[in-house]
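The block underneath contains the structure these notes are about, expressed in structure tokens.
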Ligand code: NAD
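Numbering (my numbering), first residue to last: 1118 to 1807.
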């Protein structure tokens, strides 16, 4: 027996306990241990029945995802599950925590499943771009029916004990000693193999509806369409045929590029919270939070704080603006109430935790203040000076600035160590990304506080260094610039957008610009005009659009035209402005295939990301990927720009970046890191700053 699996005898009942901390993942040692335990107990005449347990507070949280990037090693999980299924003694799964993925597949091969109130059950494989591969797609429909199995598997839903009981997935919820109850039950339990049960007849219309719904939510994830097919096949032949079908689909998906990308993001999320220099830093309390500025961002930030159970003081310039801020917060709750995600009473309760005010003295006892006023250094300077005078010692002072120099903001106070950037993304109550900007003097415990806050409010933190645009907006600016070079060189904006959408972005970059409004970037370009490198290629098409009043969706026209219902169409006037810009520079337009556009834009993003890695602005390539996937609509199935570049092969990325440099001039040079990795056969994924 391996150390990961132990057997304890309770009279005629053997309790097999898995111990592979922290979550009892199904690593090879666990699979070997289970296999040996099943063989030993099957042969032991003194054992009449078996209980499988994951110990207190646990069951088995699923496969060991680290092993998924390696060649599979025997025994394979389906073989372990088959051995368990074949055991001719009753087996009870005793679930006191997460039974997910392969963990639930093991429980489904038992004759009964009982759990404590803390049991969590789910087949979550599709979240990683695969389907259950050890019988989950064939056993679950035998227990809950095809129509219910489809959404459970396709959405990777995790059921609480009570929900699982209602579905018949748990046979009993035990209050008190779970193992004692399992041992008692094991002695009276008859054999009831799920694999031998018929698939319930079910209602064909209900099954069709479940399948349609699942495919609608699939967003191109191949695993979901495959899961629907394999689950429905549970009814087509016998159990063995269904299992064979599941196996083929599982193996193909496991090797797919999409699954590799999702696995990459899974690890990226866990890595992102590991930040050097924080050892021993104790996060500061943030029970009393205040937000300064209740505009678009301030209101959204307030809502994400309220949603996490916090109370928020919302500070504005005057009483009227404060009331308008409260109205904005209230407005943000309309949609979740309408859709039924939140009850009217819940929304009311949340809104009741906001106190709008124009009285700055209210900031005196705040633990954490998040500034979200105008993006203007003079405004921020004034606010941080006033905060310095009012806030209590040790309060964390955060700014939501998108581009301004955080060191300069911190320098407005006598306590720069307490200042940090908390860069939320619009809409702040929805977008998952939170860029945490570490200024030169930010104290480790302030950064640690920001990371805890991110977790509390359900955001994905990514730590960035201080530079113009931090991690995300800096790369986005390069991406946009090169999209405009492509347009000036011959691609139509709608061709660029179509290529990006075909790549997996929900919206192309020009449609996004129209949606956010072209005026903000225009104002910034004007501000920076004096300091721009003259050898950087400058495309003035967007300036002309703005000068002619085409500020995007809000003015009915920008890169595209919009009708009164907001539907966009290609606008010949934009075409004329583009043609004039080309003529002025004597550019003869050439054609770009969708793949050319995709390759170019992903390459320049990764190149700018490489510069951030060199400079220490981003700690690791996977942080950049997380930022783009969670804040900028980069397709999850492509894993982020750095991962996508690794997949393309860095020598090819470098060739593309050199072509982009020829097209873009200063500012578009290949990064030294990219050149180095391309030359030495390295990858962004493996690179770490030394
Ligand atoms: P906004 O104009 O919608 O809101 C700013 C609010 O701040 C207004 O309600 C204004 O009355 C208030 N305000 C201004 N000066 C103030 C002061 N001295 N005291 C108190 N309140 C004051 O702007 P926004 O889009 O919400 O942007 C706010 C900040 O968030 C900016 O720094 C911006 O760069 C950043 N940001 C914006 C976005 C975005 O997409 N809009 C995204 C990320 C970050």
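All residues carry an ideal CB built from backbone N, CA and C; glycine is no exception. On a predicted model such as this, the values are computed, not experimentally measured, just so you know.
Between the options, which has its C-alpha nearest residue i's C-alpha?
i            : options                   : result
residue 1319 : 1362, 1261 and 1341       : 1261
residue 1145 : 1120, 1668 and 1366       : 1120
residue 1385 : 1688, 1745 and 1650       : 1745
residue 1359 : 1254, 1242, 1793 and 1234 : 1254
residue 1535 : 1666, 1401, 1706 and 1571 : 1401
residue 1588 : 1649, 1664, 1743 and 1701 : 1743
residue 1776 : 1695, 1739 and 1602       : 1602
residue 1214 : 1205, 1176 and 1192       : 1176
residue 1540 : 1504, 1338 and 1492       : 1492
residue 1755 : 1741, 1133, 1280 and 1377 : 1377
residue 1562 : 1605, 1709 and 1397       : 1397
residue 1749 : 1415, 1364 and 1551       : 1551
residue 1691 : 1740, 1609, 1638 and 1636 : 1609
residue 1693 : 1707, 1714, 1605 and 1684 : 1605
residue 1432 : 1444, 1667 and 1415       : 1415
residue 1526 : 1501, 1646 and 1803       : 1501
Below 6 Å, is the gap between the Cβ of residue i and the nearest heavy atom of the ligand NAD?
i            : result
residue 1530 : no
residue 1409 : yes
residue 1383 : no
residue 1412 : yes
residue 1517 : yes
residue 1491 : yes
residue 1694 : no
residue 1447 : no
residue 1825 : Since the first and last residues shown for the chain are 1118 and 1807, residue 1825 lies out of range.
residue 1434 : yes
residue 1438 : yes
residue 1831 : A query on residue 1831 cannot be resolved here, the shown segment of the chain reaching from 1118 to 1807 and no further.
residue 1594 : no
residue 1536 : no
residue 1579 : no
residue 1613 : no
residue 1629 : no
residue 1496 : yes
Residue j and residue i - do their beta-carbons sit closer together than 7 Å?
i            : j            : result
residue 1576 : residue 1555 : no
residue 1275 : residue 1282 : no
residue 1612 : residue 1783 : no
residue 1436 : residue 1475 : yes
residue 1568 : residue 1578 : yes
residue 1489 : residue 1418 : yes
residue 1762 : residue 1774 : no
residue 1237 : residue 1221 : no
residue 1411 : residue 1442 : yes
residue 1164 : residue 1131 : yes
residue 1838 : residue 1590 : Outside the modelled stretch of the chain, which goes from 1118 to 1807, sits residue 1838, for which no answer is possible.
residue 1245 : residue 1379 : yes
residue 1626 : residue 1600 : yes
residue 1143 : residue 1219 : yes
residue 1408 : residue 1487 : yes
residue 1767 : residue 1795 : yes
residue 1311 : residue 1259 : yes
residue 1335 : residue 1347 : no
residue 1675 : residue 1614 : no
residue 1217 : residue 1241 : yes
residue 1267 : residue 1322 : no
residue 1734 : residue 1582 : yes
residue 1671 : residue 1679 : no
residue 1725 : residue 1592 : yes
I'd like to confirm the pairing. Which residues does DSSP put opposite residue i in its beta bridges?
i            : result
residue 1208 : 1167
residue 1159 : Answer is none; residue 1159 lacks a bridge partner.
residue 1751 : Bridge partners of residue 1751: none, in fact.
residue 1768 : Residue 1768 pairs with nothing; no bridge assigned.
residue 1653 : 1782
residue 1430 : 1407 and 1472
residue 1277 : 1237
residue 1677 : 1687
residue 1540 : 1552
residue 1232 : 1212 and 1290
residue 1122 : 1135
residue 1578 : 1551
residue 1599 : Bridge partners of residue 1599: none, in fact.
Comparing the CB of residue i with every heavy atom of the ligand GDP, is any distance shorter than 6 Å?
i            : result
residue 1543 : Questions concerning the ligand GDP fall outside what the structure shown contains, since the ligands it does hold are the ligand NAD.
Does the beta carbon of residue i sit closer than 7 Å to a beta carbon anywhere in chain B?
i            : result
residue 1258 : Of the protein chains in this structure there is only one, and it is not chain B.
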